[in-house]
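Quick note, the sequences are listed as chains A and B, same order. Each residue of the first sequence is one higher than the one before, starting from 63 at the first, in our numbering. Each residue of the second sequence is one higher than the one before, starting from 63 at the first, in our numbering. So the structure is just underneath, and the comments pick up after that.
Number of protein chains: 2
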Amino acid sequence: MPTYALVLAFDGTAYAGWQRQRRGTTIQALVEEALAPLEGAPVRAAGCGRTDAGVHARAFVASCRLTRPFDAAVVRRALNARLPADVRVVEARRVADDFHARFSATGKAYAYRIWNAEVGDPFETRYAWHVAPPLDVAAMREAAAAFVGRHDFRAFQSTGSGVATSVRTLWKASVTREGALVRLEVDGDGFLRHMVRAMTGTLVEVGLGRRPPEDTRAILESGQRAAAGTTAPPQGLVLEKVYYPEGLLAAAPDDPVTL
Amino acid sequence: MPTYALVLAFDGTAYAGWQRQRRGTTIQALVEEALAPLEGAPVRAAGCGRTDAGVHARAFVASCRLTRPFDAAVVRRALNARLPADVRVVEARRVADDFHARFSATGKAYAYRIWNAEVGDPFETRYAWHVAPPLDVAAMREAAAAFVGRHDFRAFQSTGSGVATSVRTLWKASVTREGALVRLEVDGDGFLRHMVRAMTGTLVEVGLGRRPPEDTRAILESGQRAAAGTTAPPQGLVLEKVYYPEGLLAAAPDDPVTL
Numbered sequence: 063m064p065t066y067a068l069v070l071a072f073d074g075t076a077y078a079g080w081q082r083q084r085r086g087t088t089i090q091a092l093v094e095e096a097l098a099p100l101e102g103a104p105v106r107a108a109g110c111g112r113t114d115a116g117v118h119a120r121a122f123v124a125s126c127r128l129t130r131p132f133d134a135a136v137v138r139r140a141l142n143a144r145l146p147a148d149v150r151v152v153e154a155r156r157v158a159d160d161f162h163a164r165f166s167a168t169g170k171a172y173a174y175r176i177w178n179a180e181v182g183d184p185f186e187t188r189y190a191w192h193v194a195p196p197l198d199v200a201a202m203r204e205a206a207a208a209f210v211g212r213h214d215f216r217a218f219q220s221t222g223s224g225v226a227t228s229v230r231t232l233w234k235a236s237v238t239r240e241g242a243l244v245r246l247e248v249d250g251d252g253f254l255r256h257m258v259r260a261m262t263g264t265l266v267e268v269g270l271g272r273r274p275p276e277d278t279r280a281i282l283e284s285g286q287r288a289a290a291g292t293t294a295p296p297q298g299l300v301l302e303k304v305y306y307p308e309g310l311l312a313a314a315p316d317d318p319v320t321l
Numbered sequence: 063m064p065t066y067a068l069v070l071a072f073d074g075t076a077y078a079g080w081q082r083q084r085r086g087t088t089i090q091a092l093v094e095e096a097l098a099p100l101e102g103a104p105v106r107a108a109g110c111g112r113t114d115a116g117v118h119a120r121a122f123v124a125s126c127r128l129t130r131p132f133d134a135a136v137v138r139r140a141l142n143a144r145l146p147a148d149v150r151v152v153e154a155r156r157v158a159d160d161f162h163a164r165f166s167a168t169g170k171a172y173a174y175r176i177w178n179a180e181v182g183d184p185f186e187t188r189y190a191w192h193v194a195p196p197l198d199v200a201a202m203r204e205a206a207a208a209f210v211g212r213h214d215f216r217a218f219q220s221t222g223s224g225v226a227t228s229v230r231t232l233w234k235a236s237v238t239r240e241g242a243l244v245r246l247e248v249d250g251d252g253f254l255r256h257m258v259r260a261m262t263g264t265l266v267e268v269g270l271g272r273r274p275p276e277d278t279r280a281i282l283e284s285g286q287r288a289a290a291g292t293t294a295p296p297q298g299l300v301l302e303k304v305y306y307p308e309g310l311l312a313a314a315p316d317d318p319v320t321l
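Now the structure itself:
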């Protein structure tokens with residue numbers, strides 16, 4: 063059946079995350095409702111992952127199958143006409159029939175944004191964590207370096223996550239400052255529940271001088287959630303990118319690959 | 063009496079503008095309620111102008127008088143502790159006793175932000191006007207040039223404004239593009255009600271090829287509101303700066319001047 067990848071950008075402030083649940087509006091429910099008229103029947107959309115309430119995305123990927131082989135631009139426009147303005151289909155693309163947004167993904171990139179100045183920025187309240195005391199970014203960078211590589215990230219996942227393994231490989235964990243904005247960027251083959259937010263909470267404690275930078279390595283080795291810092295609030299987190307094998311992204315060889 | 067200038071940044075989405083009115087929450091009401099405990103009595107805050115519902119500010123200026131000579135940093139912190147996160151006092155400063163946010167102002171700078179791409183950006187729905195067809199920025203720039211100088215801007219004000227004169231001098235009217243973001247910047251000695259939004263609506267019609275760039279000059283000369291374009295929506299407008307004579311900004315010569 064014709065399979066489509068949908069690249070979604072959303073302001074997560076008003077939503078209970080991607081995945082359908084009993085309470086709150088979810089992005090999945092909105093997308094599935096917007097897809098149904100194209101099929102004339104309910105359509106299931108698979109997401110590249112959950113995403114917590116209040117978390118944002120610049121390029122969340124969902125996949126779906128439609129009986130008729132619509133032009134991808136038609137799918138994009140039809141969905142955008144039905145979705146609210148804070149959820150947009152940036153791109154729709156015909157992909158290989160065995161493409162699945164979650165199972166085909168080989169990695170993800172997240173950013174966590176911190177507004178670090180005494181006075182908060184009213185335009186960042188929805189998109190950043192306001193931390194008033196000055197952060198030592200060099201210390202945070204040193205602490206973040208310990209995350210890179212293959213590690214058991216058990217100490218940085220929410221209790222009761224119940225995944226098969228908590229071993230993940232991170233390719234990148236950088237901390238940069240541009241004016242008052244401190245930005246953590248992490249790339250890896252997968253992330254546990256609340257993992258980036260727990261990493262951020264720990265790095266901020268390092269940045270405030272409450273922990274030494276060496277702590278991150280010790281916490282990883284301990285495997286104890288209690289050893290890590292608090293979970294940073296959701297509004298600073300943005301899913302920036304999802305990685306897929308190139309072969310799965312094109313249904314036809316002349317399709318442009320820009321996912 | 064000790065007089066203070068308050069530099070406010072606010073996300074105007076949730077508010078009915080600066081000025082107190084019967085319906086809707088206003089920034090003025092919030093600021094005056096936050097000032098009252100410092101004085102132990104109601105305090106009047108004068109704004110540098112109105113600002114429509116939904117319009118934003120990076121540096122709106124208000125002035126107030128307090129009986130006791132508080133340290134300016136104390137005033138800033140006390141207000142920020144009471145104001146909602148989408149309204150912030152960026153700076154408070156003791157100023158000359160005859161300083162008045164509105165009557166002392168010698169000019170203002172506004173920006174109008176347009177998101178010009180087929181697909182809207184969910185992070186810009188509150189802060190930009192989404193215009194989907196491509197805009198000819200060179201034509202808009204040519205049209206905007208006619209606004210610079212001393213003109214009767216009657217054709218660009220809302221009917222029923224009732225100001226003494228509609229002659230204003232603009233020092234700058236630039237249109238620039240950075241990716242999908244098209245930005246109009248206007249500086250001048252004063253602005254009429256809805257003036258920047260009516261100018262923007264007209265420039266967008268030029269950018270879409272519906273009017274020639276020469277139209278702006280002809281509209282100014284006609285003095286007819288009906289000749290100009292539609293009024294652009296409020297969420298793209300940001301008050302960026304208010305100008306004051308330097309002498310009024312400092313109550314003491316060693317005060318830093320950063321307004």
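The beta carbon of each residue, even a glycine, is placed where N, CA and C say it ideally should be.
Can you tell me the Cα-Cα spacing of residue i and residue j, whole angstroms?
{"i": "VAL237(B)", "j": "PHE253(B)", "result": "18 Å"}
{"i": "ASP214(B)", "j": "PRO275(B)", "result": "19 Å"}
{"i": "VAL136(B)", "j": "GLN90(B)", "result": "20 Å"}
{"i": "PRO307(A)", "j": "ALA163(A)", "result": "11 Å"}
{"i": "ARG212(B)", "j": "GLY263(B)", "result": "21 Å"}
{"i": "ALA76(A)", "j": "GLY86(A)", "result": "9 Å"}
{"i": "GLY109(A)", "j": "VAL151(A)", "result": "13 Å"}
{"i": "ARG279(A)", "j": "VAL199(A)", "result": "17 Å"}
{"i": "LEU270(A)", "j": "TYR305(A)", "result": "33 Å"}
{"i": "SER228(B)", "j": "PRO195(B)", "result": "33 Å"}
{"i": "ALA289(A)", "j": "ARG216(A)", "result": "11 Å"}
{"i": "PHE72(B)", "j": "ARG112(B)", "result": "14 Å"}
{"i": "LYS303(B)", "j": "VAL210(A)", "result": "44 Å"}
{"i": "ALA206(A)", "j": "MET261(A)", "result": "8 Å"}
{"i": "ASP148(B)", "j": "GLN81(B)", "result": "17 Å"}
{"i": "THR129(B)", "j": "LEU100(B)", "result": "9 Å"}
{"i": "ARG272(B)", "j": "VAL181(B)", "result": "22 Å"}
{"i": "ALA119(B)", "j": "LEU246(A)", "result": "28 Å"}
{"i": "PRO131(A)", "j": "THR168(A)", "result": "26 Å"}
{"i": "ARG138(B)", "j": "PHE185(A)", "result": "18 Å"}
Less than 6 Å between C-beta atoms, sequence neighbours within five positions excluded: which residues of the same chain meet that for residue i?
{"i": "ARG127(A)", "result": "MET63 and THR65"}
{"i": "LYS234(B)", "result": "ASP249"}
{"i": "ASP114(A)", "result": "GLY79 and PRO296"}
{"i": "ASN178(B)", "result": "VAL193, LEU197, ALA242 and VAL244"}
{"i": "SER220(B)", "result": "ARG255 and HIS256"}
{"i": "LEU68(A)", "result": "ALA124, VAL151 and ALA154"}
{"i": "VAL117(A)", "result": "GLY74, PRO296 and LEU299"}
{"i": "THR292(A)", "result": "GLY263"}
{"i": "ARG239(A)", "result": "VAL199"}
By the DSSP assignment, the beta strand (DSSP E) with residue i in it spans what residues?
{"i": "SER125(A)", "result": "118–127"}
{"i": "ALA154(B)", "result": "149–157"}
{"i": "SER236(A)", "result": "229–240"}
{"i": "ALA67(A)", "result": "65–72"}
{"i": "ALA290(A)", "result": "Note, ALA290(A): premise wrong, no beta strand (DSSP E); not H, not E."}
{"i": "ALA171(B)", "result": "169–177"}
Run through chain B and tell me which residues come within less than 7 Å of residue i, C-beta to C-beta.
{"i": "THR88(A)", "result": "Those within 7 Å of THR88(A) in chain B number zero; the least Cβ separation is about 15 Å."}
{"i": "GLY182(A)", "result": "ALA147 and ARG150"}
By Cβ distance below 7 Å, which residues in the same chain neighbour residue i in space, the five residues on each side in sequence not counted?
{"i": "VAL258(B)", "result": "TYR172, TYR174, VAL248 and LEU299"}
{"i": "ALA96(B)", "result": "LEU141, ARG144 and LEU145"}
{"i": "MET202(B)", "result": "VAL237, LEU265, VAL268 and GLY269"}
{"i": "ALA208(B)", "result": "THR278, ARG279 and LEU282"}
Below 8 Å CB to CB, which residues in the same chain sit around residue i once its five sequence neighbours on both sides are set aside?
{"i": "LEU310(B)", "result": "VAL157, ALA158, ASP160, PHE161 and SER166"}
{"i": "THR187(B)", "result": "GLN297"}
{"i": "ALA190(A)", "result": "ARG175, ILE176, TRP177, ASP183, LEU243, GLN297 and GLY298"}
{"i": "ALA121(A)", "result": "VAL69, LEU70, ALA71, VAL152, LEU301, GLU302, LYS303, VAL304 and LEU321"}
Starting from residue i, find everything on chain A with Cβ-Cβ shorter than 7 Å and list it in chain order.
{"i": "THR187(B)", "result": "ALA147 and ASP148"}
{"i": "ASN178(B)", "result": "Going along chain A, no residue has its Cβ under 7 Å from ASN178(B), so there is no contact; the nearest lies around 15 Å."}
Can you give me the start and stop residues for the alpha helix (DSSP H) that residue i sits inside?
{"i": "VAL136(A)", "result": "134–144"}
{"i": "GLU308(B)", "result": "308–311"}
{"i": "GLU204(A)", "result": "199–207"}
{"i": "THR262(B)", "result": "257–269"}
{"i": "VAL300(A)", "result": "From DSSP, VAL300(A) is part of no alpha helix (DSSP H) but of the beta strand (DSSP E) over 299–305."}
{"i": "ARG279(A)", "result": "277–284"}
{"i": "VAL93(B)", "result": "89–101"}
Which bits of chain B does residue i rub up against, with CB to CB less than 8 Å?
{"i": "ASP73(A)", "result": "PRO184, PHE185 and THR187"}
Using a Cβ cut-off of 8 Å (strictly closer), state whether residue i contacts chain E.
{"i": "VAL266(B)", "result": "Note that chain E does not occur in the displayed structure, where the protein chains are A and B."}
- Message: Pairs of beta-carbons, one from the segment 104–122 of chain A and one from the segment 279–287 of chain A, closer than 8 Å: are there three or more?
- Response: no
- Any 3 or more C-beta pairs closer than 8 Å across the segment 169–180 of chain A and the segment 291–307 of chain A: yes
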